[in-house]
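Student:
There are 2 protein chains.
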Amino acid sequence: MSPLAARDPNETDEDREAAQAGQDRPILTAIDHVGIAVRDLPAALDTYRDAFGAVVEFREELPDDGVEVALLKVGESFVQLLTPVDDDSPVAAFLDERGEGVHHVAYRVDDVAAALAQLTEAGLEPIDEEPRAGSRDTSIAFVHPGGTQGTLILLVEG
Amino acid sequence: MSPLAARDPNETDEDREAAQAGQDRPILTAIDHVGIAVRDLPAALDTYRDAFGAVVEFREELPDDGVEVALLKVGESFVQLLTPVDDDSPVAAFLDERGEGVHHVAYRVDDVAAALAQLTEAGLEPIDEEPRAGSRDTSIAFVHPGGTQGTLILLVEG
Numbered sequence: 000m001s002p003l004a005a006r007d008p009n010e011t012d013e014d015r016e017a018a019q020a021g022q023d024r025p026i027l028t029a030i031d032h033v034g035i036a037v038r039d040l041p042a043a044l045d046t047y048r049d050a051f052g053a054v055v056e057f058r059e060e061l062p063d064d065g066v067e068v069a070l071l072k073v074g075e076s077f078v079q080l081l082t083p084v085d086d087d088s089p090v091a092a093f094l095d096e097r098g099e100g101v102h103h104v105a106y107r108v109d110d111v112a113a114a115l116a117q118l119t120e121a122g123l124e125p126i127d128e129e130p131r132a133g134s135r136d137t138s139i140a141f142v143h144p145g146g147t148q149g150t151l152i153l154l155v156e157g
Numbered sequence: 000m001s002p003l004a005a006r007d008p009n010e011t012d013e014d015r016e017a018a019q020a021g022q023d024r025p026i027l028t029a030i031d032h033v034g035i036a037v038r039d040l041p042a043a044l045d046t047y048r049d050a051f052g053a054v055v056e057f058r059e060e061l062p063d064d065g066v067e068v069a070l071l072k073v074g075e076s077f078v079q080l081l082t083p084v085d086d087d088s089p090v091a092a093f094l095d096e097r098g099e100g101v102h103h104v105a106y107r108v109d110d111v112a113a114a115l116a117q118l119t120e121a122g123l124e125p126i127d128e129e130p131r132a133g134s135r136d137t138s139i140a141f142v143h144p145g146g147t148q149g150t151l152i153l154l155v156e157g
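Residue numbers (numbering that gives the first Met the number 0), protein chains in the order written: chain A, 0 to 157; chain B, 0 to 157.
Now the structure itself:
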């Protein structure tokens with residue numbers, strides 16, 4: 000049977016492009032940032048400044064996630080220090096359960112929606128079913144750590 | 000009192016350069032890799048290939064650390080998947096205590112020895128007092144997470 004004959008007749012061009020993307024080329028174009036949950040943001044900023052000369056590039060409160068973040072530029076990537084601004088935020092729960100440390104790894108992609116389609120097809124579970132607004136005018140989506148060997152992954156476009 | 004008069008008479012030019020480096024410029028030049036501890040390396044490689052099209056760039060056993068590692072290229076950085084090759088390795092203990100997930104964050108620096116001097120001066124605690132050989136012919140040193148808000152940091156030169 001030819002590959003053409005094996006095609007699902009309901010499959011669209013977009014479906015085929017999404018399904019082929021992973022086989023053709025890597026879709027993660029850079030490590031955008033490593034998100035590190037901390038209890039005391041000023042103390043953490045002091046550590047990174049004193050020990051590594053790291054400078055704050057960007058600071059923002061993200062009400063949707065219940066956190067305040069500070070981004071330290073490291074080459075083409077960032078270290079994102081994040082701390083909860085209310086006791087109900089998921090990051091507050093993370094700190095209670097796991098303590099301070101790496102909370103998520105964020106990868107740059109060209110198209111968050113296409114990446115979500117591809118990784119869902121591969122059996123991973125999006126936390127955000129659709130892309131939403133992130134910091135620095137980006138479009139983002141979290142992916143559940145249950146399908147990725149325990150790593151909470153964030154996809155970042157823009 | 001002038002700055003000159005306040006100098007420690009035993010301080011060398013190298014000491015002064017190391018002490019000033021952090022105040023003058025960031026010493027972390029890139030995220031070299033994010034190290035992710037996994038129990039089943041082939042299964043993890045399948046996940047990253049199927050979901051993200053990620054390709055193995057480099058694979059190596061590191062007997063000093065009791066691990067096998069696979070490096071997946073992401074822009075100028077890597078995802079390092081690591082798994083213990085013996086039950087006594089620190090990574091085996093990490094998996095027992097914390098489960099799968101991010102094990103360390105590795106930053107590129109121009110000079111590991113100078114970076115160790117600077118971060119020790121800032122109150123952080125090196126695990127490796129001196130640089131040692133890492134994968135890919137690099138020179139590396141781990142820094143204790145106790146001084147860095149819970150993040151095990153690896154410095155990578157070369």
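Using N, Cα and C, we set each Cβ at its ideal position, and we do this for glycine too.
Please read all numbers here as calculations on a predicted model, not as lab measurements.
Put B/S76 into one of helix, strand or coil per three-state DSSP.
Tutor: strand
Student: May I have the straight-line CA-CA distance separating A/G146 from A/I126, to the nearest angstrom?
Tutor: Straight-line Cα distance between these residues: approximately 11 Å.
Student: For A/S138, which residues does DSSP report across the bridge?
Tutor: A/A132 and A/E156
Student: Within this structure, are the beta carbons of A/H102 and A/A36 separated by less than 7 Å?
Tutor: yes
Student: Can you list the residues of chain B that A/R24 reaches, using a CB-CB cut of under 8 Å?
Tutor: Against chain B, a Cβ distance below 8 Å from A/R24 picks out G52.
Student: Can you tell me whether A/T150 is helix, strand or coil according to DSSP?
Tutor: coil
Student: Closest to B/D87 by C-alpha separation, out of B/R58, B/R107 and B/D64, would be which residue?
Tutor: Comparing Cα-Cα distances from B/D87 to each of B/R58, B/R107 and B/D64, the minimum goes to B/D64.
Student: Suppose you measure from the CA of B/D136 to the CA of A/D109; what does that come to, to the nearest Å?
Tutor: So the alpha carbons of these two residues sit roughly 32 Å apart.
Student: Please go through the same chain and pick out, in chain order, the residues whose beta-carbon is closer than 8 Å to the beta-carbon of B/T119, but skip the five residues on each side of it.
Tutor: P125
Student: Please check if any C-beta of chain B sits within less than 7 Å of the C-beta of A/Q177.
Tutor: Outside the displayed span of chain A (0 to 157) sits residue 177 of chain A, for which this structure offers no information.
Student: Below 7 Å on C-beta distance, what does B/G98 contact in chain A?
Tutor: G149
Student: Cβ closer than 9 Å: which chain B residues qualify as neighbours of A/I35?
Tutor: V104, T147, Q148, G149 and T150
Student: Pop quiz: B/E56 and B/V84 are said to be a contact at Cβ under 8 Å. What is the actual Cβ separation, rounded to whole angstroms?
Tutor: Wrong, their Cβ atoms sit about 20 Å apart, outside the cutoff.
Student: Assuming the contact rule is C-beta atoms closer than 8 Å, B/L153 and B/A105 should be a hit. Round their C-beta distance to whole Å, please.
Tutor: 4 Å
Student: For B/D161, which of helix, strand or coil comes out of DSSP?
Tutor: Nothing in the structure corresponds to residue 161 of chain B, since chain B is present only between 0 and 157.
Student: Could you work out which residues of chain B lie near A/E129, taking near to mean beta carbons separated by less than 7 Å?
Tutor: Neighbours of A/E129 on chain B: none; closest Cβ ~18 Å, over 7 Å.
Student: Near B/S138, which residues of its chain fall below 6 Å by C-beta distance, leaving aside the five closest residues on each side in sequence?
Tutor: V111, P130, E156 and G157
Student: When every heavy atom of the ligand FAD is checked, does at least one fall within less than 6 Å of the C-beta of A/G146?
Tutor: Within the structure as shown, the ligand FAD is missing, as the structure has no ligands at all.
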